[in-house]
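In our numbering, the protein residues as written are 882 to 1272.
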């Protein structure tokens, strides 16, 4: 089934992404509150984030198979409905152990997001504006995260708790899922659900190098969003100010995704080459910011966090857009699942390791380790550019 290429269609996909991401990323905004209520160490918070990412990762290839087989509509409606259920389970969790189960369900539900929305944007992006369209869609991730950051950390100001915020986001996700069920026009698939064949992807050297960089992108994104509020509190900020800083980082990440998408479309050469150059610059900047962050004063840290949003969080739009551009149309689900799996593997490994380092030596060493990972991403991106030149 074909759909019209228009910014209205791109906006519809982006709107779904906002709601899905607000539901998922509410957990990251709640880490300080969860730590206080359940007396959890920073290492245990890292385990919580890793368990959620594990659910996300295990479901990526099945979600990609559903997208390739049956299209984006059924995947988006089912995914958002299950996200609503996951958020409700979190709101009711009586213990840390039950919370681990609840976040696993939430993560598994969010696996529908990238394969479905990447396919939807590939079919709807106006001609010649693909990188920008992907950036607009990816703003839904950071926009939703910003909403989550503010609503969760400020829930007490309106007479609620972090649990109240999860009840609310669960209700919103459920209502929106019903709306998309009746109003959203999707794209059909092959009609059968086959497990994605990644053998062809492994033979694509440029794709492999990009996904290797994706591991370190994931390490930075998941650790930064998960630990920014506890870190800023530790550095002397209030929880409300720390939540505002996290929201600011997400908003600047939104601006970054649109801005770098626009620049990548306008750089000379192919859209893929432009995207690679922008990603390389972003990850290099992120590495420098991770080094500078613990050495700055509180007010300067707020500015650095905002710039970190443009660099670290702003890179994923181009990353996903380039993944899709490097493979045939009938492999977009598999490519997205493979690329997001590498990001998630970084999210699985890095947060617990970061928390362990923080518990033993403090935040400064943890940020330096993340900086090293960002510079490794730069290396893989540089090799990917060279590989693309050889094709």
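Positions of the beta carbon are idealized from the N, C-alpha and C atoms, including for glycine.
CB-CB length for residue 1050 against residue 911, believed under 8 Å: Locating residue 1050 in the chain shown gives position 169, where the first residue counts as 1. Locating residue 911 in the chain shown gives position 30, where the first residue counts as 1. With a Cβ gap of about 11 Å, residue 1050 and residue 911 do not count as contacting.
Straight-line Cα distance separating residue 957 from residue 1266: Residue numbering aside, residue 1266 sits at position 385 when the chain shown is read from its first letter. Residue numbering aside, residue 957 sits at position 76 when the chain shown is read from its first letter. If I take the Cα positions, the gap works out to 33 Å.
Same chain only: Cβ atoms within 8 Å of residue 1082, ignoring 5 sequence neighbours per side: Reading the chain shown from its first residue, position 201 is the one you call residue 1082. Hits under 8 Å: 1088, 1089, 1208, 1212, 1215, 1216, 1219.
Unbroken alpha helix (DSSP H) run spanning residue 950, endpoints: The count along the chain shown starts at 1 and reaches residue 950 at position 69. Where residue 950 is concerned, the enclosing alpha helix (DSSP H) stretches over 941-951.
Pair within 7 Å by beta-carbon distance, residue 1005 and residue 886: For this step, residue 1005 is matched to residue 124 along the chain shown. For this step, residue 886 is matched to residue 5 along the chain shown. When the beta-carbon positions are compared, residue 1005 and residue 886 come within less than 7 Å of each other.
As assigned by DSSP and simplified to three states, the class of residue 1007: Position 126 of the chain shown holds residue 1007. Correct three-state label for residue 1007: coil.
Outcome for residue 978 when other beta-carbon atoms lying within 10 angstroms are tallied against a minimum of 16: Translated into positions along the chain shown, residue 978 becomes position 97. Burial call: exposed.
Distance CB(residue 960)-CB(residue 916) smaller than 7 Å: As a first step, residue 960 must be located in the chain shown, where it is residue number 79. As a first step, residue 916 must be located in the chain shown, where it is residue number 35. Contact: no.
Separation of residue 1154 from residue 1272, as counted between CA atoms: Translated into positions along the chain shown, residue 1272 becomes position 391. Translated into positions along the chain shown, residue 1154 becomes position 273. Confidence at residue 1272 is low in this model, with a pLDDT of 49, below 50, so its placement is unreliable and no value can be given for it.
Residues near residue 1238 by beta carbon distance below 7 Å, same chain, minus five either side: For the purposes of this step, residue 1238 is identified with residue 357 of the chain shown, where counting begins at 1. For residue 1238, where only same-chain residues beyond five positions count, the Cβ hits under 7 Å are 1246, 1247, 1250.
Identity of the residue in 938, 1236, 1196 nearest residue 1139 by Cα: One-based indexing of the chain shown puts residue 1139 at position 258. Each of 938, 1236, 1196 was checked against the Cα of residue 1139, and the nearest Cα belongs to 1196.
Check whether residue 1225 and residue 937 have beta carbons under 7 Å apart: Here residue 1225 is taken as the residue at index 344 of the chain shown, counted from 1. Here residue 937 is taken as the residue at index 56 of the chain shown, counted from 1. With respect to the 7 Å criterion, residue 1225 and residue 937 are classified as neighbours on the basis of their beta carbons.
Nearest-angstrom beta carbon gap, residue 1058 and residue 965 [assumed within contact, 8 Å]: Locating residue 965 in the chain shown gives position 84, counting from the first residue. Locating residue 1058 in the chain shown gives position 177, counting from the first residue. Correct: roughly 6 Å between the Cβ atoms.
Neighbour-count burial assignment, residue 1018, 16 or more Cβ in a 10 Å radius: In the chain shown, counting from the first residue as 1, residue 1018 sits at position 137. With 16 or more other CB atoms across the displayed protein chains lying within 10 angstroms of its CB, residue 1018 is buried.
Straight-line Cα distance separating residue 906 from residue 890: Taking the chain shown and counting its residues from 1, the one referred to as residue 890 is at position 9. Taking the chain shown and counting its residues from 1, the one referred to as residue 906 is at position 25. Note on geometry: alpha-carbon atoms of residue 890 and residue 906 lie some 24 Å from one another.
Close beta carbons around residue 1175, own chain, < 7 Å, minus the five adjacent residues each side: The residue labelled residue 1175 in the question sits at position 294 within the chain shown. Result list for residue 1175: 1244, 1245, 1248, in chain order.
Where residue 983 sits in the DSSP three-state scheme: Your numbering for residue 983 matches position 102 in the chain shown. In this structure, residue 983 counts as helix in the three-state DSSP scheme.
Nearest-angstrom Cα separation, counted from residue 1097 out to residue 1111: The residue you call residue 1111 lines up with position 230 of the chain shown. The residue you call residue 1097 lines up with position 216 of the chain shown. Rounded to the nearest whole angstrom, the C-alpha separation of residue 1111 and residue 1097 is 21 Å.
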